[in-house]
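Participant: Dropping the structure in here first, questions after.
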Amino acid sequence: MTEVSQLPTPLDWTSDEIMTVVAARELTGEMVCFVGIGLPSRAAILARSTHAPDVTLVYESGCIGAKPDRLPPSIGDGVLSRTADAVVSVPEIFSYWLQSGRIDVGFLGAAQVDKRGNINTTVVGDYDRPSVRLPGAGGAPEITTSCGQVIITLRHSARAFVEKLDFVTSVGHFEDEALERQREKHGHGPQVIVTDLCVMRYQRESREFELTSLHPGVQIEDVLAQTGWPVIVSDDLQETAPPSNEELVALRGFTEGDQASR
Amino acid sequence: MTEVSQLPTPLDWTSDEIMTVVAARELTGEMVCFVGIGLPSRAAILARSTHAPDVTLVYESGCIGAKPDRLPPSIGDGVLSRTADAVVSVPEIFSYWLQSGRIDVGFLGAAQVDKRGNINTTVVGDYDRPSVRLPGAGGAPEITTSCGQVIITLRHSARAFVEKLDFVTSVGHFEDEALERQREKHGHGPQVIVTDLCVMRYQRESREFELTSLHPGVQIEDVLAQTGWPVIVSDDLQETAPPSNEELVALRGFTEGDQASR
Amino acid sequence: MNARELTLCEAVAEFVHDGDTVALEGFTHLIPFAAGHEIIRQERRDLTLVRMTPDIIYDQLIGMGCVKKLIFSWAGNPGAGSLHRFRDAVENSYPHPLEIEEHSHAGMAARYQATASGLPFGVLRGYAGTDLSRLSPTIRWITCPFTGEELAAVPSLSIDVSVICAQQADRRGNVMMWGITGVQKEAVLSATRSVVLVEEVVEEFTPHVNGVVLPSWTIDAVVVVPGGSFPSYSEDYSERANDFYAQWEGISRDRATFDAWMTTHVLETKNHEEFMASLTVSLASRHD
Amino acid sequence: MNARELTLCEAVAEFVHDGDTVALEGFTHLIPFAAGHEIIRQERRDLTLVRMTPDIIYDQLIGMGCVKKLIFSWAGNPGAGSLHRFRDAVENSYPHPLEIEEHSHAGMAARYQATASGLPFGVLRGYAGTDLSRLSPTIRWITCPFTGEELAAVPSLSIDVSVICAQQADRRGNVMMWGITGVQKEAVLSATRSVVLVEEVVEEFTPHVNGVVLPSWTIDAVVVVPGGSFPSYSEDYSERANDFYAQWEGISRDRATFDAWMTTHVLETKNHEEFMASLTVSLASRHD
Chain A
1394 MTEVSQLPTP LDWTSDEIMT VVAARELTGE MVCFVGIGLP SRAAILARST HAPDVTLVYE
1454 SGCIGAKPDR LPPSIGDGVL SRTADAVVSV PEIFSYWLQS GRIDVGFLGA AQVDKRGNIN
1514 TTVVGDYDRP SVRLPGAGGA PEITTSCGQV IITLRHSARA FVEKLDFVTS VGHFEDEALE
1574 RQREKHGHGP QVIVTDLCVM RYQRESREFE LTSLHPGVQI EDVLAQTGWP VIVSDDLQET
1634 APPSNEELVA LRGFTEGDQA SR
Chain B
1394 MTEVSQLPTP LDWTSDEIMT VVAARELTGE MVCFVGIGLP SRAAILARST HAPDVTLVYE
1454 SGCIGAKPDR LPPSIGDGVL SRTADAVVSV PEIFSYWLQS GRIDVGFLGA AQVDKRGNIN
1514 TTVVGDYDRP SVRLPGAGGA PEITTSCGQV IITLRHSARA FVEKLDFVTS VGHFEDEALE
1574 RQREKHGHGP QVIVTDLCVM RYQRESREFE LTSLHPGVQI EDVLAQTGWP VIVSDDLQET
1634 APPSNEELVA LRGFTEGDQA SR
Chain C
9 MNARELTLCE AVAEFVHDGD TVALEGFTHL IPFAAGHEII RQERRDLTLV RMTPDIIYDQ
69 LIGMGCVKKL IFSWAGNPGA GSLHRFRDAV ENSYPHPLEI EEHSHAGMAA RYQATASGLP
129 FGVLRGYAGT DLSRLSPTIR WITCPFTGEE LAAVPSLSID VSVICAQQAD RRGNVMMWGI
189 TGVQKEAVLS ATRSVVLVEE VVEEFTPHVN GVVLPSWTID AVVVVPGGSF PSYSEDYSER
249 ANDFYAQWEG ISRDRATFDA WMTTHVLETK NHEEFMASLT VSLASRHD
Chain D
9 MNARELTLCE AVAEFVHDGD TVALEGFTHL IPFAAGHEII RQERRDLTLV RMTPDIIYDQ
69 LIGMGCVKKL IFSWAGNPGA GSLHRFRDAV ENSYPHPLEI EEHSHAGMAA RYQATASGLP
129 FGVLRGYAGT DLSRLSPTIR WITCPFTGEE LAAVPSLSID VSVICAQQAD RRGNVMMWGI
189 TGVQKEAVLS ATRSVVLVEE VVEEFTPHVN GVVLPSWTID AVVVVPGGSF PSYSEDYSER
249 ANDFYAQWEG ISRDRATFDA WMTTHVLETK NHEEFMASLT VSLASRHD
């Protein structure tokens, strides 16, 4: 039991923690969420255990309705299959569950992102002779086009938020309007990017991600300095509500559980 | 226990019984057999319980390796799923198991058949205003083209053995040589027709089914009279070996079991 | 949104409308007879029925004039005879004309798979040389962009509502079926709305080989109808009434006999419990 | 023909040849580490490896020079870091150049499904606008003959041998796996030859939710290797050695460290039992 005297003070959080907490808040109600590994999974599990207990988690490993009570170190962890409502094959999860349009929200990380929410998780540098070879596409290309909407979450840096991607692994929003209308038939694509500095939301008018909320203590200039394109700042720029004690206690509970399970 | 004194004498069998017994003999060794309902199922179960215990039975209901000890009144009977090595969905049985070329022998009935082993199970008369509406294709079109070979079994009559089918539900062998070579890539098609009068086998030279064996007591003329095309009689015409006592006892055991289970 | 628990009467009233495309799926096992009878009692009209293996319950729906069109791959009473009401509709347009769209099993299975996968068409190696492929506008040809091979293409289905039987639901409305599960998962995942009839609600599912679970949020309504598949069967709950299937030949062949049977056993019973009692008495008397 | 029971050494010797296309499938759960190590010990060369999620065992095969080409959709050590031997091969052609053919998960899954179905290609709604579709000759476009919609097509795979882990075999050589079963069934049904490593042979399978059974006649060899997936895991038999996955980053980053580790734990152990003992000692010592 965590005693009251040990509860964190409102300022006692890391930049990774606020990123997770703010990402978690994007999940609400009875959303069905397709969860990637790492921060997306942490945020989705946090959402389920705090404000959004009715969110359904679907993992590409085939686990539908998993109810993990700790942070799985991988998306193929036994805690996911053992707590799932149903476990299906990997081909089935991509055909009958993802491609069919049954998923409300996709939750993705990225190595690079651009102002249209295009994602690179393939290479840094030239494809045939990369300076850094990244893991590759995984589920991302079809998650971005098949889910009702997509939440992207990654740490903010000029290396990650680039004017031009080295490689387009997944398309967020097309520049071409006809192509964009075509993709909208099956889902609205990335709608929000949550970082350790801020929240950016996709605006149909400008057709790009605009800065809509700064985390406490972060200045506009901090975001501009870490973003490789000229960021549009929303007229209605907000300050992000800091992580509540409840959110932080829940999040740290997982993380400890995760460490303990090792 | 059937006592020795009650064993049937060699002549004590019906025309349906010899048809079943002779069809059963076509299954040997470790063949994997895709079984239709009715006579094909009866013959396949008989084969497994007499000379071919290692034959694997696959049913389109999704039951793989079913080991029924009685005659199931339908291909969706519980005795099939309960004794199967694996039960899969109907889409899977047609894609991963049949279409993939994993089945050695398909075992089909028919309402009409022609000299090339084409089958009609759709209509008698005109398609749009049939005099008799039959059940339709079922699994037949893809069974005939996907299995290593196909055994057809039906009662011999001039109404069934026709010069020209009212409707081609499944193609046995194409008249066109190029098409025939194409279909041979995935299976050899119907190779034998077993009836209550005789056995007919497909001959590559004549490209049609020839009369190769007469059941005991049947004359060539009987077959010719009940066949709507001029039948080629094999130079090596045989007399079918009559059902053995062992075969008949086994077959009647099932039939009784089937009646008893009702 | 999770499934709601409704009565069968409520579920049919809310989810099955005149003119709908409806799949009451099942493969010998787990046929949703109770739902078909309730559709007949509620006098739905102009339905397009979809099923790989339409059997007696579809024969009844057709004979009672509920059906405008049938999409199917094998219409018979397996091992027992014909569907005479289906035949009468096709052969004699009685009680009215029946439009048909027919496929092979492999083709129908591919259509269900494509639909459940959100694809506009499915691909199979099939239909080559058949009259079905010559006549049907729903069979076309497609060329493999890698090998040049020609394959058959079939369009996805547009199903308004699917109704299936499963053995169990849990408290949250997830359902589980086992034994022969046919194409029922695809039917539910292919439909805009879905209703699942279950034998009972349990606290926790017990594991079964080939157990298929559909999560609550893929289903609109769960309906508890013990014996809802009778005279079909529900593995581990009931046996198939094979006698009745054999008798259907005699009942369905004649229009008047059929009408009388339907009146006695379906129209004059107010729910599935009464139907089961009525048919069980009838089956017992024929044994005597 | 039913599966034969072989030792791992025999199975690799008989079924995995130089130049083969090999799929050692598994999705975090049930990774056939023991088979990968035996392939390294038997010094296979010029392999084309196929897997949706190549992980540490593929990193080891690549680093040990067994691999000519990799067909995959996500190559990483999930939640723990990079596959440095894979990266070194792609970035620096060390120990020699590695040809790659990459897809998305949905694309690879469609390829496996097509192959298991005996079709020359699979169809998916995917890849639109991606650089992968621009660069890869294994992604083409196909038009729905009913709606005119453009969809992606991917070719089937040509797999010589698939190796998977399952929990159990029965006396007849049928195998059963449960928990997360990934794409393993498709891998076996896609391959010309297949080898299944099992924890044990049992008289009778106990039912499991999501239990997947592969009949004996679809498998060439069953190999009993307790803990054969270690340091991955086998649901209800073992736990994943998450520590080791975290340590791999440090082991694999440096060529010499990697070589030393492989020598100690794989080349100088003569079978999986010795490997497990060796790694367990090493993991315990790092905890101290």
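Chains as they are written, first to last, in this note's numbering: chain A, 1394 to 1655; chain B, 1394 to 1655; chain C, 9 to 296; chain D, 9 to 296. Glycine included, every Cβ here is placed at the ideal spot set by N, Cα and C.
Which two residues bound the contiguous beta strand (DSSP E) that contains residue 1542 (chain B)?
Facilitator: Where residue 1542 (chain B) is concerned, the enclosing beta strand (DSSP E) stretches over 1542-1546.
Participant: May I ask you to report which of helix, strand or coil DSSP gives residue 112 (chain C)?
Facilitator: Of the three classes helix, strand and coil, the one that applies to residue 112 (chain C) here is coil, per DSSP.
Participant: Measuring CB to CB, does residue 175 (chain C) end up less than 8 Å from residue 34 (chain C)?
Facilitator: No, the Cβ-Cβ distance between residue 175 (chain C) and residue 34 (chain C) is not below 8 Å.
Participant: Using a Cβ cut-off of 7 Å, pull out every chain C residue sitting near residue 1467 (chain B), in sequence order please.
Facilitator: Per Cβ cutoff of 7 Å: 36, 86 and 87.
Participant: Quick check: is the beta carbon of residue 124 (chain C) nearer than 8 Å to any beta carbon in chain A?
Facilitator: It does; some Cβ of chain A falls within 8 Å.
Participant: Rounded to whole angstroms, what's the CA-CA distance from residue 1643 (chain B) to residue 1455 (chain B)? Just pull it up for me.
Facilitator: Cα to Cα, the separation comes out at about 26 Å.
Participant: For the alpha helix (DSSP H) containing residue 71 (chain D), list its first residue and its last residue.
Facilitator: Start and end: 64-71.
Participant: Using DSSP with H/G/I as helix, E/B as strand and the rest coil, what is residue 1655 (chain A)?
Facilitator: Its pLDDT being 33, under 50, residue 1655 (chain A) is placed unreliably by the model, and nothing is read from it.
Participant: Thinking C-alpha only, which one of B:1626, B:1510, B:1621 and B:1627 is nearest residue 1545 (chain B)?
Facilitator: With distances taken between Cα atoms, residue 1545 (chain B) lies closest to B:1510.
Participant: Could you tell me the distance, in whole angstroms, from the CA atom of residue 1457 (chain A) to the CA atom of residue 224 (chain C)?
Facilitator: Distance between the alpha carbons of residue 1457 (chain A) and residue 224 (chain C): 11 Å.
Participant: Report yes or no: do the segment 1607-1624 of chain B and the segment 1545-1559 of chain B share at least 3 C-beta pairs separated by less than 8 Å?
Facilitator: Yes: the two stretches touch, three or more of their Cβ pairs being nearer than 8 Å.
Participant: Leaving out five residues before and five after residue 46 (chain C) in sequence, what residues of the same chain have Cβ atoms less than 7 Å from its Cβ?
Facilitator: The answer, listed in chain order, is 16, 17 and 20.
Participant: Who are the Cβ neighbours of residue 1498 (chain B) in its own chain at under 8 Å, not counting the five residues just before and after it?
Facilitator: Closer than 8 Å at the Cβ level, and outside the excluded window around residue 1498 (chain B), lie 1419, 1420, 1424, 1425, 1426, 1427, 1540, 1541, 1542, 1543 and 1544.
Participant: Is the Cβ-Cβ distance between residue 1562 (chain A) and residue 1534 (chain A) less than 8 Å?
Facilitator: Yes, the Cβ-Cβ distance between residue 1562 (chain A) and residue 1534 (chain A) is below 8 Å.
Participant: Do residue 108 (chain C) and residue 72 (chain C) have their C-beta atoms closer together than 8 Å?
Facilitator: Not closer than 8 Å, so no.
Participant: Given that residue 135 (chain C) touches chain B, what residues does it touch there, using C-beta distances under 7 Å?
Facilitator: Neighbours of residue 135 (chain C) on chain B, chain order: 1534.
Participant: To the nearest angstrom, report how far apart residue 244 (chain D) and residue 198 (chain D) are at their CA atoms.
Facilitator: Rounded to the nearest angstrom, the two C-alpha atoms are 27 Å apart.
Participant: According to DSSP, simplified to helix, strand and coil, what is residue 1424 (chain A)?
Facilitator: Coil, per DSSP.
Participant: With respect to the beta strand (DSSP E) encompassing residue 76 (chain C), which residues constitute its N-terminal and C-terminal limits?
Facilitator: Segment 75-80, the beta strand (DSSP E) holding residue 76 (chain C).
Participant: Which whole runs of the beta strand (DSSP E) in the segment 21-70 of chain D are 3 residues long or more, in chain order?
Facilitator: Runs of the beta strand (DSSP E) inside the segment 21-70 of chain D: 29-32 and 55-59.
Participant: Could you tell me if residue 1396 (chain B) is buried or exposed, where buried requires 16 or more neighbouring beta carbons within 10 angstroms of its beta carbon?
Facilitator: With a pLDDT of only 49 at residue 1396 (chain B), under 50, the local geometry of the prediction cannot be trusted, and the value read off the model is given with reservation. When all chains shown are included, residue 1396 (chain B) counts as exposed.
Participant: Going by alpha carbons, who is nearest to residue 273 (chain D) out of D:248, D:42, D:250 and D:247?
Facilitator: Among D:248, D:42, D:250 and D:247, the Cα nearest to that of residue 273 (chain D) is on D:42.
Participant: Going straight from the alpha carbon of residue 110 (chain C) to that of residue 1519 (chain B), what length do you get?
Facilitator: Roughly 15 Å separates the two Cα atoms.
Participant: Let me see if you follow: with CB-CB separation under 8 Å, is residue 218 (chain D) close to chain B or not?
Facilitator: Judged by the 8 Å Cβ criterion, residue 218 (chain D) is not in contact with chain B.
Participant: Closest to residue 29 (chain C) by C-alpha separation, out of C:239, C:152, C:195 and C:39, would be which residue?
Facilitator: Nearest option by C-alpha distance: C:195.
Participant: Between residue 1488 (chain B) and chain D, is there a C-beta pair that is closer than 8 Å?
Facilitator: Yes - at least one Cβ of chain D is within 8 Å of the one on residue 1488 (chain B).
Participant: Run through chain A and tell me which residues come within less than 7 Å of residue 193 (chain D), C-beta to C-beta.
Facilitator: Those are 1482, listed as they occur along chain A.
Participant: Mind listing which residues of the segment 172-184 of chain C have their C-beta closer than 7 Å to chain D's C-betas, in chain order?
Facilitator: Cβ contacts with chain D come from no residue of the segment 172-184 of chain C.
Participant: Just to check my reading of the structure: residue 1467 (chain A) and residue 87 (chain D) have Cβ atoms closer than 8 Å, yes? What is that Cβ distance to the nearest angstrom?
Facilitator: Right, their Cβ atoms sit about 5 Å apart.
Participant: Below 8 Å on C-beta distance, what does residue 1542 (chain B) contact in chain D?
Facilitator: Residues of chain D passing the Cβ test: none, with the nearest at roughly 17 Å.
Participant: For residue 1520 (chain A) and chain D, any beta-carbon pair shorter than 8 Å?
Facilitator: Residue 1520 (chain A) counts as touching chain D.
Participant: Quickly, what does DSSP pair residue 201 (chain D) with across the bridge? List them, please.
Facilitator: Paired residues: D:169.
Participant: Using the beta-carbon of each residue, which ones in chain E are nearer than 7 Å to residue 14 (chain C)?
Facilitator: As a matter of chain content, chain E is missing from the structure shown, whose protein chains are A, B, C and D.
Participant: What's the C-alpha gap between residue 101 (chain D) and residue 56 (chain D)?
Facilitator: If I take the Cα positions, the gap works out to 16 Å.
Participant: Which of the three DSSP states is assigned to residue 1559 (chain A) in this structure?
Facilitator: Here residue 1559 (chain A) sits in coil by DSSP.
Participant: Name the DSSP beta bridge partners of residue 1473 (chain A), please?
Facilitator: Paired residues: none, contrary to the question.
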